[in-house]
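Below: the structure, in structure tokens.
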Amino acid sequence: MAAATIVHDTSEAVELCAPCGLYLKPITKMTISVALPQLKQPGKSISNWEVMERLKGMVQTHQFSTLRISKSTMDFIRFEGEVENKSLVKSFLACLDGKTIKLSGFSDILKVRAAEYKIDFPTRHDWDSFFRDAKDMNETLPGERPDTIHLEGLPCKWFAAKETGSEKPSEEVLIKVFQKFGEIRNVDIPMLDPYREEMTGRNFHTFSFGGHLNFEAYVQYREYAGFIEAMNALRGMKLMYKGDDGKAVACNIKVSFDSTKHLSDASIKKRQLERQKLQELEKQREEQKRKEKEAEEKQKEEERKQRELEEYERERKREEKLRKREQKQKDREVRRNKKQLEKLQAEEQRKLQEKIKLEERKLLLAQRNLQSIRLIAELLSRAKAVKLLEQEQNEEKICLQELEERRRLQEAELKRVEEEKERALGLQRKEKELREKLLNNLLSKKMDAVNQNKEETEASQTEVLKSASAVPHTVSSSCITSTSGQAVTGRLAPGSQIEIASPESVNTQCKYLNGNIHDKVHVKEGQNLHTTDSERCSDKRDSGVLSCVPANNQDQKSLSSYDQNTYKKDLHCEQDRRGTEPRRRKSRSCSSINSDESKGRRESSRHRRDVMFTACELGVFDLLLESGKPLSSDAIAARLGASTMGMKRLLDACVGLKLLAVETTQEGVLYRNTEISSIYLTKSSPKSQYHIMMYYSNTVYLCWQYLADAVREGRNQYERAFGISSKDPFGAMYRSDEEMLKFMAGQNSVWSICGRDVLAAFDLSPFTQIYDLGGGGGALAQECVSLYPNSTVTIYDLPKVVQVAREQFISPEEHQINFHEGDFFNDSIPEAELYILSKILHDWDDDKCKQLLVKVYKACKPGGGVLLVESLLNEDKSGPVETQLYSMNMLVQTEGKERTAAEYSKLLEAAGFGMVQVKRTGKLYDAVLGRK
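If you read the sequence shown in our numbering, its first letter stands for residue 1, the second for the next number, and so on.
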């Protein structure tokens, strides 16, 4: 418990129990942070006491009740100050917040930020959600529902019965004080139970100079209303005691709801049974102590007798020792004489052994000489045999070379013969090709002459028909598709036979040139007639036209085939020309309809998005959540300062989008939040997406308006959207403190939903030292230390981002989360076991990604790794559509793109990482782990 402070002004005190002199006084604390400049001169420091005196001097008309340092670092000093009255807090904050301090000897100014102290007190939502979600709680039973208050830090003297003169707290006084809020069912002060410490293993006594200072207590109300009233009354209050002499002192107490079923019937019964067991155990201990005392006295008697016996034994041993000493002297003299005799014998034996060794060495040298002579003789005989073998091998080698030379000459002769054959065949092929070309030229010239005669005949025949029938006919390629054209062609057949019979002489000449080349030409022409399915269909459709050609002999058939091919080509050209225009008109009409439909869908999607963003920005969902009940459109418009007509239309649109629900009552139409809007669109929800939506509304979609320009230019559109250079994407994103705060809060809201999934994709418990590169607001770091309690996470980001994260998002009590200021592209990266890059690589091109991953690999400890958190494309990049849209967003906002798992693996392996693993979470973001 914090030390009691003297209260001079009791005007804001609220009566708790006047007979006991107890009151409740509002907590009037504030936190003051002073940002320190970077010390450039070594050995120079800033005095915390001087900064504190300057803060006191900034508040001119009033003074702090208490002002102490809560935290001091190289970057800032944090103070906790307290004033007399709640009304003075705002005036103090006005004097301090946003002001600056100038210290003597320092050129830089110190910026001061002050805010009202945030009180850690449970809310109604906390206990309702706890007892609702707890599986081992039965809300129908006392103690297992929100009806018990747990109080800590209560002073013992303030709750002691005055008539007894004792300083221990009294349960009667406790009931008397807290029955103001409702009927009390039960109370419990653990320190009054002598067996409680042994039961729970806790120490309920706090000593100071031999006396009890404070205690903890449990107060259980019969009704839920009494519990609610007590919690509301104690929220933001501290306890004040006013003595008979009029002096008042106050102290802070900790208030929370009981979540341990302390005063449930089962717990009380369990403590009673344990108390009985401990009482029986205490009796057993007393009996054991009595028995131990008797045994101790008996043992002392036995020890006395043992000492007397040991004294007698020591005397006996002393006499025995003297006797043994005399005997040892005699034995020592005998051994000395024996050693001298053995030494003389050993010397004679040594001399004899030396003589034996000398003779043995002489014998050994003689044997070695004999053996060396035998070895030399053997080596000489073997060398002679090897020389003879080499001579035989050389002779065999010469024979083999002669045979090889003879075989090589034979192969060269055969090769020359083959080349001569090939040359002769080549000349024959060239001769054949020349003959074919000559034949083709003759045929083409003859066909031109035949076609010219045919056209003249058809023209003359047409004139005859005109004069006979007086009906104009035009013989053209278009006539081929009609029955009248077929009839005309049929009439022309007799005239055409006369012209077609002439190729016989040409064929006769060709046969004299080259054997059966004529037949081959016709085969090739027949193949050209049947190359595609469309030509085969034309043969069937135009059989009437082609039947007019005569078939008198083989030569005429060949020529007819050529004419058929010509007619078919003309026919297809005419049909294509006629059918193309209607198809074009139809495709244009269909495309216009599709474009109108897609445009309508885009407009509808944009309008839905704008309705949701507008409702969030105006605070519609937050107002309905805070009210706790449905409201009419007039009430919502009045509270939000909007027009009644416009608000009514906005609310109806939200109902259509399933963001609001509507109820019709006697009072009229009332609106309330749906479950989705309560969870994701309200600011106070733990899973709120409000901030990311505001960021998309104010920043992202402004860039998307220039998507066509981004596609044409291949770069982000910050210059068009905001007039800011596109070369530094994050400089554009952090163009102001407000925009940077929006971006960081938006990223935190994303990780509140997706963070645990990507961190649990792999078991990261072996990594205790983790760096979150570009960690921003620290939401992913908080999820990491929550999931892996043994790890510490350091957020590495730009200095201004780190400053905002410390002040706005990360509590000073988060001891597992640290900060490191720097630019990971330009500054060094400290050594760690694991590096997390969440949504970092998709902001940059491949070269930048490789540069960053190489730096990470060099800094990573052996056995460590890097965890990439990204939205992965399919390997064929066919989806998912969300990731494809994110990749488009990277185009309009950054220099990067979304990638496949294989592309990220390739980047990791290029940097040196191995054992790359990919885990798809099934959610928006996936995980890729590389190990060093």
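Idealized CB from N, CA, C, for every residue including glycine. As the structure is a prediction and not an experimental result, all values here were calculated from the model.
For residue i, which residues from the same chain have a beta carbon less than 6 Å from its beta carbon, with the 5 sequence-adjacent residues on both sides left out?
i	result
Arg720	Tyr706
Lys923	Cys754, Asp757
Met915	Arg931
Met744	Gly776, Gly777
Thr644	Asp634, Ala637
Arg68	Glu80
His820	Thr794, Tyr796
From residue i to residue j, what does the alpha carbon distance come to, in whole angstroms?
i	j	result
Gln717	Arg899	21 Å
Val488	Glu436	Bear in mind that a pLDDT of 27 at Val488, under 50, signals an unreliable position, so the number given afterwards is only what the model happens to contain. Cα to Cα, Val488 sits roughly 37 Å from Glu436.
Lys466	Lys445	Bear in mind that a pLDDT of 38 at Lys466, under 50, signals an unreliable position, so the number given afterwards is only what the model happens to contain. Approximately 32 Å, taken between the alpha carbons.
Phe227	Ile679	27 Å
Glu934	Glu420	Because the chain in this structure spans residues 1 to 932, residue 934 falls outside the shown range and cannot be described.
Ala35	Leu837	29 Å
Leu414	Arg406	13 Å
Cys849	Lys839	12 Å
Ala760	Lys919	10 Å
Phe76	Ser726	34 Å
Pro812	Glu80	13 Å
Gly865	Ala781	17 Å
Gly1001	His62	Given that the chain is displayed from residue 1 to residue 932, the structure contains no residue 1001 and the question cannot be resolved.
Ser684	Asp843	30 Å
Val793	Ile817	5 Å
Leu623	Ser688	15 Å
Lys242	Glu116	26 Å
Tyr312	Glu319	11 Å
Pro19	Phe613	57 Å
Thr921	Glu870	11 Å
Hey, residue i and residue j are a contact pair by Cβ (cut 8 Å); roughly how many whole angstroms apart?
i	j	result
Leu841	Gly896	7 Å
Glu274	Met199	5 Å
Val112	Leu96	5 Å
Tyr857	Ala911	5 Å
Ala859	Pro880	About 33 Å; that fails the 8 Å criterion.
Ser950	Phe130	The structure shown does not extend to residue 950, since the chain is modelled only from 1 through 932, so no value can be given for it.
Leu681	Ile770	Their Cβ separation, rounded to whole angstroms, is 32 Å, which puts Leu681 and Ile770 out of contact at 8 Å.
Pro729	Arg672	In fact, because the Cβ distance is near 41 Å, the residues do not count as touching under 8 Å.
Can you check whether the CB of residue j is closer than 8 Å to the CB of residue i?
i	j	result
Gly955	Phe824	Examination of residue 955 is not possible in this model, given that the chain is present from 1 through 932 alone.
Ala637	Val611	no
Asp926	Leu853	no
Pro146	Asp128	yes
Val785	Ile795	no
Arg715	Ile724	no
Leu650	Ala615	yes
Val7	Ala248	yes
Ile149	Phe257	yes
Thr768	Asn790	yes
Leu151	Glu197	no
Glu50	Leu110	no
Lys953	Thr674	Outside the modelled stretch of the chain, which goes from 1 to 932, sits residue 953, for which no answer is possible.
Ala708	Phe722	no
By the DSSP assignment, the beta strand (DSSP E) with residue i in it spans what residues?
i	result
Val958	Here the chain comprises residues numbered 1 to 932, so residue 958 is not present and cannot be evaluated.
Gln179	Per DSSP, Gln179 belongs to no beta strand (DSSP E) and is neither H nor E.
Gly863	860-870
Ile679	Not the beta strand (DSSP E): Ile679 falls in the alpha helix (DSSP H), residues 675-680.
Leu660	660-665
Which residue comes first and which comes last in the alpha helix (DSSP H) that contains residue i?
i	result
Met191	No alpha helix (DSSP H) holds Met191; DSSP gives it neither H nor E.
Lys932	Unbroken run through Lys932: none, as it is neither H nor E.
Asn818	Note, Asn818: premise wrong, no alpha helix (DSSP H); beta strand (DSSP E) at 817-821.
Pro26	Premise fails: Pro26 lies in the beta strand (DSSP E), 22-26, not in any alpha helix (DSSP H).
Asp737	737-759
Starting from the C-beta of residue i, find all residues in its chain whose C-beta is less than 7 Å away, skip the five residues before and the five after it, and write them out in chain order.
i	result
Lys238	Lys25, Ile27, Ala250, Cys251, Asn252, Ile253
Glu144	Met137, Asn138, Lys261, Ser264
Gly668	Ser632
Leaving out the 5 sequence neighbours to the left and right, which residues in its chain are closer than 8 Å to residue i when beta-carbon positions are compared?
i	result
Thr123	none
Gly962	Since the first and last residues shown for the chain are 1 and 932, residue 962 lies out of range.
Met890	His842, Asp843, Gly896, Lys897, Glu898
Between residue i and chain D, is the shortest Cβ-Cβ distance under 8 Å, so that the two count as touching?
i	result
Tyr221	Of the chains in the structure shown, none is chain D; there is only one protein chain.
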